[in-house]
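Undergrad: As numbered in the numbering used here, residues 3 to 194 make up the sequence shown, in order. From the three backbone atoms N, C-alpha and C, an ideal C-beta is built for every residue, glycine too. Note that this is a predicted model, so its numbers are computed, not measured.
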Amino acid sequence: MQLKVLLVKDDPGRSELLKQSLLQFGYDVVAETQMASELLKRADQSCPDLLVIDSDSPGERLFSRLHELSLHKPLPVVLFTEEDNREVISKAVRAGVSAYIVDGLDQHRLGAILDVAVERFKETERLRLELKDTRANLAERKAVDRAKGILMKQRGFDESQAYHALRKMAMDKNLKIGQVAENVIAVSELLS
3 MQLKVLLVKD
13 DPGRSELLKQ
23 SLLQFGYDVV
33 AETQMASELL
43 KRADQSCPDL
53 LVIDSDSPGE
63 RLFSRLHELS
73 LHKPLPVVLF
83 TEEDNREVIS
93 KAVRAGVSAY
103 IVDGLDQHRL
113 GAILDVAVER
123 FKETERLRLE
133 LKDTRANLAE
143 RKAVDRAKGI
153 LMKQRGFDES
163 QAYHALRKMA
173 MDKNLKIGQV
183 AENVIAVSEL
193 LS
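1) Measuring straight from C-alpha to C-alpha, what distance separates Val-146 and Gly-180?
2) Going by DSSP in three states, Asn-183 sits in which element: helix, strand or coil?
3) Suppose you measure from the CA of Ala-94 to the CA of Ser-39; what does that come to, to the nearest Å?
4) What are the start and end residues of the alpha helix (DSSP H) that includes Tyr-165?
5) May I ask which residues mark the beginning and end of the beta strand (DSSP E) holding Arg-82?
6) Can you name the start and end residues of the beta strand (DSSP E) that Lys-150 belongs to?
7) If you measure between the beta carbons of Ser-23 and Leu-107, is that distance less than 9 angstroms?
8) My assumption, with CB atoms under 8 angstroms, is that Val-104 sits in contact with Glu-84. Please give the rounded CB distance.
9) How big is the Cα-Cα spacing for Leu-140 and Met-171?
10) Between the C-alpha atoms of Gly-15 and Glu-132, what's the straight-line distance to the nearest angstrom?
11) Between the stretch 108 to 126 and the stretch 156 to 164, do three or more beta carbon pairs fall short of 8 angstroms?
12) Is it buried or exposed, Gly-61, if we count other Cβ atoms within 10 angstroms and call 16 or more buried?
13) What's the gap between the Cα of Asp-58 and the Cα of Phe-82?
14) Which residues in the same chain have their Cβ closer than 8 angstroms to the Cβ of Pro-76, if we skip the five residues on either side of it in sequence?
15) Taking the DSSP output, what are the residues bridged to Lys-11?
16) I'd like the span of the beta strand (DSSP E) that includes Asp-30, first residue to last.
17) Just tell me which of Tyr-29, Leu-68 and Arg-44 has its CA closest to the CA of Leu-116.
18) May I ask you to report which of helix, strand or coil DSSP gives Val-99?
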């Protein structure tokens, strides 16, 4: 599958070499921009699979746009730069950069660099989604436990009876047990 690339470049001359290398490795450069301010617009228009940035000295404006992009449309990001400052590297990673390459482009390594960045991004996204699911499950569990406590107190149920009552309500109303638990909690708070 040919990946679509959005290329962000500081120096058009040097970036032309990067663009030619991307094309040589089978990537489809679907859009280019020199301005970080156009990053979101270009990403929306071109729907890239990968963002490649060539910047001598990436700054706050670029990192801010990358952070916005990661919230709006997460993408693997490869940044080629001359800047090897630890603080800048840390900001880049927090902004969503998957691979931070210092001291130029070695054309022979480009394919491997991009492949690693894409795989690292996929793994990070998988972990992010897993964490989100885990948090949602934990919140649901807490709600179920709290709703069971309310039913135990108000109806005199034991824990098993309270759970079965929640489960039955969920099945009868074709809802998740967590939704029923939230409803029980909301009604209890309303009436107290």
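TA: This is what the structure gives:
1) 6 angstroms
2) Note that residue 183 is Ala in the sequence shown, not Asn. It is helical.
3) 16 angstroms
4) 161 to 175
5) Here residue 82 is Phe; the residue named in the question, Arg, does not match the sequence. Element bounds for Phe-82: 79 to 83.
6) Here Lys-150 belongs to no beta strand (DSSP E); instead the alpha helix (DSSP H) covers 112 to 157.
7) yes
8) 7 angstroms
9) 20 angstroms
10) 42 angstroms
11) no
12) exposed
13) 8 angstroms
14) Gly-98, Phe-123 and Glu-127
15) Asp-56
16) 30 to 35
17) Tyr-29
18) coil
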